[in-house]
Amino acid sequence: MPTKKSKTKTVSRAKKAAPVSRPKTPATTELLLEIGTEELPYQFVAPALRALQQGAEALLKESRLTYGAVRTMGTPRRLVLLVEGLARQQASAVKEAMGPSKAVAFDQSGQPTRAAIGFAAGQGVPVETLEVRQTPKGDYLFAVKQEKGQAMHAVLTQALPQLLAKLSFPKAMHWNQTGVRFARPVRWLVALCGGKILPIQFATIKAGNFSQGHRVLGAKVSSSKGFAVKSIAHYLKETERHSVIVDQDRRRAMILDQLASLAKSARGHLHQDDELLEQAVYMVECPLTILGSFKPHYLALPKEILMTSMKEHQGYFSLVDSNGALLPNFLAVTNMKLSNMQLIREGNERVLAARLADAKFFFDEDRKTSLADRVAKQLAVTFHQKLGSLHQKTQRVVAMAAHVAGQLGDDRVIQDCRRAAELSKADLLTGIVGEFPTLQGIMGGEYAKHDGESSVVSTAIREQYMPRAMEGELPESLAGKVLSLADRLDSIAGFFMVGLVPSGSEDPFALRRHATAIVRILIESRLRLNLAQAVRAAQEGLTAQNVTAAPHTGKGGAPDVIGFLYERVRFYGRSAHQLRDDVMEAVLRSADRESIDLTDLFDKMKALQQISTRAEFDPLIAGFKRAHRLTEKEQWDRKPVESDAFRETAESALHQTVRSSHDDYRSAMGTGQYGQALDVLVRMKGPIDDFFNAVMVNAEDPLIRGNRLSLLKEVDDLFMSFADFSQIVVQGT
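Quick note: the sequence shown uses this note's numbering, first residue 243, plus one each step.
As structure tokens, this is what we get:
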């Protein structure tokens with residue numbers, strides 16, 4: 243038996259022992275959602291992942307579930323959503339609803355009426371909890387409800403199927419009786435939250451915790467039913483063990499490393515092609531790049547043919563030497579790893595050999611007929627049913643090219659541009675362009691050179707579609723710029739005339755891209771073209787061919803081509819030069835729409851934006867606007883200012899400043915020194931301020947009042963001759 247002393251010691255130790263603490267349940271958890279599908283088109287994957295991430299973030303916010311980070315990953319066979327730091331409990335919310343007025347809700351004795359009782363019942367609250375609040379309309383009843391947040395599992399079980407249903411694709415399909423549309427059939431779903439399965443369902447597919455590996459390589463390490471996953475970290479580890487690199491950024495880095503390594507081994511350089519890289523990233527789950535070759539005699543073909551054939555038919559990367567010349571090699575990103583990769587390489591080489599043989603056949607056959615001999619055949623080709631044949635289009639472009647060249651160059655330039663325009667569309671009838679439409683223009687220039695046309699003509703034909711994208715490379719030659727402008731001006735004027743005008747997000751004929759190209763060519767090349775005159779010439783060419791104009795019964799009447807081009811000037815100025823909208827609007831509003839020089843207008847915009855940063859600019863514009871409003875309100879015509887009618891020194895000082903500034907201003911404007919011209923206007927700030935501080939414009943004497951308005955009209959006219967300064971936004975207005 244223990245002694246009394248030992249018992250005391252035991253009790254003492256028990257009192258000193260720290261209480262056992264149980265681990266707290268973490269406040270946040272994670273969500274893993276995987277949509278397993280048949281192979282998706284590579285173009286669909288990246289947009290679907292962006293939509294999935296945006297939709298998930300919106301859903302979580304609407305569901306009052308806080309989160310740390312939302313990521314999406316994907317391959318051709320899976321779209322994956324990963325949410326970390328996800329709250330386990332939906333945030334509580336207070337909901338308020340306004341009911342009847344106090345006068346209606348209570349009787350004379352202060353008892354609730356049927357209106358108040360009915361409102362309370364409809365809101366699910368006791369009538370005695372209704373609150374009376376003061377509103378702009380008077381005192382009204384409010385029902386205030388505390389909505390307790392639900393458990394995260396319950397919220398997501400309801401919300402996630404809605405998220406999946408909202409995913410859309412350029413093309414979708416039905417594959418079972420549910421009527422659900424998706425890019426490709428959905429084959430499995432993984433939905434795990436904190437390691438537990440969320441019991442959701444989509445298109446009869448019930449979510450679980452089993453994923454699938456690589457279609458071929460994954461079968462070596464897992465059963466047909468797939469492999470189980472427990473968490474995000476476990477999922478990423480297991481998918482890689484089953485030969486799937488889910489993270490597209492990691493696949494891209496792997497592909498780039500492999501491409502660089504193989505290019506170095508072939509003593510070449512990779513031809514950079516971002517579009518092809520994205521295609522490779524979203525076409526494979528486990529990238530492995532191989533180096534192949536083709537027969538060197540194909541290098542006699544233009545390299546554009548070889549590179550386009552490798553890219554568009556097979557998705558191969560090209561290799562070039564240090565001088566940019568094509569090497570007889572290619573790089574292919576595969577989704578397979580065999581013990582003997584020689585078999586895959588040889589298979590790719592055989593397929594490419596057949597493609598290149600076809601391309602050589604088209605090239606050889608095309609050169610048997612000159613571009614000039616193909617022009618007449620354009621009569622049988624329709625450009626657009628409302629705009630005539632391709633031959634008519636060519637005739638209009640010839641006339642436009644001559645007009646544009648006539649504004650910009652001499653007779654020699656006109657002659658070269660006319661010839662280039664005559665042959666510009668002939669390559670559309672060749673076999674190689676029929677096979678590879680992206681080579682239009684490029685092959686026209688090649689064939690023109692073969693036919694013995696001048697280098698100016700062949701270069702212009704080659705450059706006519708430049709820039710090929712919004713930010714693409716511009717034509718380098720003057721003739722190439724002229725031909726590009728002529729073609730695009732005819733297209734815009736033609737489609738506007740027949741009523742096929744871009745609206746909202748619809749622009750099937752890429753007229754916005756054409757207009758942006760016109761703006762860029764003129765401004766970046768500093769070409770002094772009267773754009774209004776060129777548009778009129780394009781419209782006259784269409785009328786001469788009896789193109790039927792569409793009836794315009796809308797509010798604005800006929801579509802405004804110049805207004806459309808101005809809209810692209812604003813877009814270009816905003817995106818490429820960070821010009822302020824009000825600055826651009828001020829210059830465009832004051833422009834003469836009968837004589838439009840975009841280069842000159844853009845110079846004005848840049849000068850105005852630069853001077854707008856000066857401290858005295860905003861106060862100056864405030865003073866100008868005051869003068870402008872007074873003369874505009876009175877609809878004051880310019881009348882001679884009588885110096886004898888001045889009553890204040892400030893009047894004489896302002897009049898003298900206007901007169902003395904006039905010559906300096908006109909001289910600067912005449913030589914295009916717009917910064918200097920604006921400096922002259924800025925120097926007028928003091929006299930304008932002094933005038934308004936000392937002078938009451940609306941004097942009782944009508945002669946004095948009229949003279950002061952005439953003086954302000956002189957100020958207004960001088961400012962408005964540069965830009966419509968009333969459009970400038972001044973801080974505080």
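Beta carbons are placed, not taken as given, at the ideal position from N, Cα and C, and that holds for glycine.
Here the structure is a predicted model, which means the values were calculated and not measured.
{"Query": "With 16 other Cβ atoms within 10 Å as the buried cut-off, status of Pro244", "Result": "Its pLDDT being 45, under 50, Pro244 is placed unreliably by the model, and nothing is read from it."}
{"Query": "Best match in Arg661, Ala505 and Val428 for proximity to Glu281 [C-alpha to C-alpha]", "Result": "Val428"}
{"Query": "Cutoff 7 Å; reference Ala401; Cβ partners in own chain excluding five residues on either side", "Result": "Leu301 and Ser305"}
{"Query": "Alpha carbon of Lys462 to alpha carbon of Asn590, nearest angstrom", "Result": "25 Å"}
{"Query": "Anticipated Cβ contact below 8 Å, Met525 with Tyr814, distance rounded", "Result": "About 35 Å; that fails the 8 Å criterion."}
{"Query": "Residue environment, Lys723, which counts as buried when at least 16 other CB atoms sit within 10 Å", "Result": "buried"}
{"Query": "Residue closest to Gln388, alpha-carbon to alpha-carbon, out of Phe361, Asp381, Gly366 and Pro378", "Result": "Gly366"}
{"Query": "Exposure label - Met826; buried when at least 16 CB within 10 Å", "Result": "buried"}
{"Query": "Inside the segment 593 to 620 only - alpha helix (DSSP H) runs reaching at least 4 residues", "Result": "613 to 616"}
{"Query": "6 Å Cβ shell around Leu830 - same chain, five flanking residues per side excluded", "Result": "Tyr808"}
{"Query": "Backbone secondary structure at Ser854 - three-state DSSP", "Result": "coil"}
{"Query": "Secondary structure of Met340, DSSP reduced to three states", "Result": "strand"}
{"Query": "In DSSP terms, what Thr279 is bridged to", "Result": "Val428"}
{"Query": "Close Cβ partners of Pro570 (< 8 Å) along its chain, the five nearest in sequence each way excluded", "Result": "Ser535, Phe536, Lys537, Pro538, Tyr540 and Leu541"}
{"Query": "Nonlocal neighbours in the same chain, by C-beta distance under 6 Å from Lys506, ignoring five residues either side", "Result": "none"}
{"Query": "Helix, strand or coil at Arg730 according to DSSP, with G and I counted as helix", "Result": "helix"}
{"Query": "Per-residue burial, Leu621 [other beta carbons within 10 Å of its own, 16 or more giving buried]", "Result": "exposed"}
{"Query": "Alpha helix (DSSP H) runs contained entirely in the segment 644 to 686, provided each spans 4 or more residues", "Result": "653 to 665 and 673 to 677"}
{"Query": "Cα-Cα separation, Leu518 to Val623", "Result": "32 Å"}
{"Query": "Neighbourhood of Phe411 by C-beta distance below 6 Å, restricted to the same chain and skipping five residues each side", "Result": "Phe286 and Ala425"}
{"Query": "Chain-order list of residues whose beta-carbon lies under 8 Å from that of Ala414 (same chain, five-residue window excluded)", "Result": "Arg423, Phe424 and Ala425"}
{"Query": "The segment 593 to 609 contacting the segment 661 to 680, beta-carbon criterion three pairs below 8 Å", "Result": "yes"}
{"Query": "Where Tyr309 falls: helix, strand or coil (DSSP)", "Result": "coil"}
{"Query": "Counted within 10 angstroms of its Cβ, other Cβ atoms place Met938 as buried (16 or more) or exposed", "Result": "exposed"}
{"Query": "Straight-line gap, Val655 to Leu771 (C-alpha atoms, nearest Å)", "Result": "15 Å"}
{"Query": "Validate contact between the segment 592 to 602 and the segment 683 to 691 using beta carbons, cut 8 Å, 3 pairs", "Result": "no"}
{"Query": "Cβ pair count under 8 Å reaching 3, the segment 903 to 912 against the segment 842 to 857", "Result": "no"}
{"Query": "Proximity of Val488 and Thr611 at Cβ, strictly below 8 Å", "Result": "no"}
{"Query": "Continuous alpha helix (DSSP H) assignments of at least 4 residues falling wholly in the segment 754 to 789", "Result": "773 to 786"}
{"Query": "Status (buried if at least 16 other CB within 10 Å, exposed otherwise) for Leu504", "Result": "buried"}
{"Query": "For Met315, the residue or residues it bridges with in DSSP", "Result": "Val322"}
{"Query": "Three-pair Cβ contact test at 8 Å for the segment 576 to 593 versus the segment 710 to 728", "Result": "no"}
{"Query": "Which residues DSSP lists as bridging Glu435, in chain order", "Result": "Looking at the sequence itself, residue 435 is Cys, so the reference to Glu does not match. The partner list for Cys435 (beta bridge, DSSP) reads Leu273 and Lys438."}
{"Query": "Cβ-based neighbour list, Gly648, same chain, cut-off 7 Å, excluding 5 preceding and 5 following", "Result": "Ile656"}
{"Query": "Contact between the segment 458 to 472 and the segment 291 to 301 (3+ Cβ pairs under 8 Å)", "Result": "no"}
{"Query": "Pick from Arg754, Val336, Glu554 and Val562 that is closest to Gly805, judged by C-alpha positions", "Result": "Arg754"}
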